[in-house]
Each structure stands twice: as structure tokens, then as C-alpha cells.
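Residue numbers (this note's numbering): 266 to 385.
Here's the structure we're looking at; comments come further down.
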């Protein structure tokens, strides 16, 4: 059981609230692809195939699904241009931009962890 003495300033209720918030964030960003897609789009608006080329290993079917999930969670906008054939572009929302520091921190930690585990 967590208590104030054993966990710093984390009481049972504050730990539960923090864990709930982390679970919510992970539910939105779950899987191997969503953060990679957001990193790709953080460099600017892109078309589907551009994202597909930058996110190594993702299938078109999975990319389509993940983009729909990101759009539903208001992290990505999909814009259809009135051209022939229609042009579809994706970009990050202002809300997604709030993840920038999280993505940088995860990238830095990933590099440290990789170096620790495999030594390169």
C-alpha cells in the first residue's frame, strides 16, 4: 500500500490520479506507430505516402487505421484538396504540438536505454 512516508509526496489518491492520467495518455498513444507518425508530421504537412516512407515498417492498412485514431483524438487533421484526383494531406493539430517535449524526452531516453542495453 502506498503512503506518504514510503512514496515521497504521492498519496494513494494522487498516485491513482497520476496512474489514471498515464493510462489515458497511453490509451491514446498506444502501439508502435502513433508517436512515430506524429514525429513524421511534426516536420510539416504530408501526404499518406510520404508518411508511409518515413515510418519504417508500417503497412498502408495500419497507417490508415492509426491516422484515423489520431484524427479521432484530435491530434491530426486530414485535409482533402479539391484536385483531380483529390489530394489528401495530414498535419498535426495544436493539441498534438503539446506532445513535443514528451516526444523529445522519449527519444532521448530511448537513445540512453539502447546504449545501456546494447552498448552502441
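We put the beta carbon where it would ideally sit given N, CA and C, even for glycine.
If we count the other Cβ atoms within 10 Å of its Cβ and call it buried at 16 or more, is residue i buried or exposed?
| i | result |
| --- | --- |
| residue 331 | buried |
| residue 288 | exposed |
| residue 357 | buried |
| residue 364 | buried |
| residue 294 | buried |
| residue 290 | exposed |
| residue 383 | exposed |
| residue 376 | exposed |
| residue 255 | Only positions 266 to 385 of the chain appear in the structure, and residue 255 is not among them; the question remains open. |
| residue 323 | buried |
| residue 361 | buried |
Once the 5 residues before and after residue i are set aside, which same chain residues still bring their CB inside 8 Å of it?
| i | result |
| --- | --- |
| residue 282 | none |
| residue 328 | 298, 302, 313, 316, 317, 320 |
| residue 338 | 293 |
Can you look up residue i in the DSSP assignment and give me helix, strand or coil?
| i | result |
| --- | --- |
| residue 319 | helix |
For my contact list, residue i and residue j are in at a C-beta cut-off of 8 Å; report their separation, rounded to the angstrom.
| i | j | result |
| --- | --- | --- |
| residue 353 | residue 312 | 7 Å |
Note down, in chain order, each residue of its chain lying with its Cβ closer than 7 Å to the Cβ of residue i, except the 5 sequence neighbours on either side.
| i | result |
| --- | --- |
| residue 325 | 317 |
| residue 305 | 311, 316, 319, 320 |
Please return the same chain residues whose Cβ sits closer than 6 Å to the Cβ of residue i, not counting the five positions on each side in sequence.
| i | result |
| --- | --- |
| residue 301 | 320 |
| residue 345 | 351, 353 |
Next on the checklist: My parser needs the alpha helix (DSSP H) runs of 4 or more residues fully inside the region 328–372; what are they?
Outcome noted: 359–362
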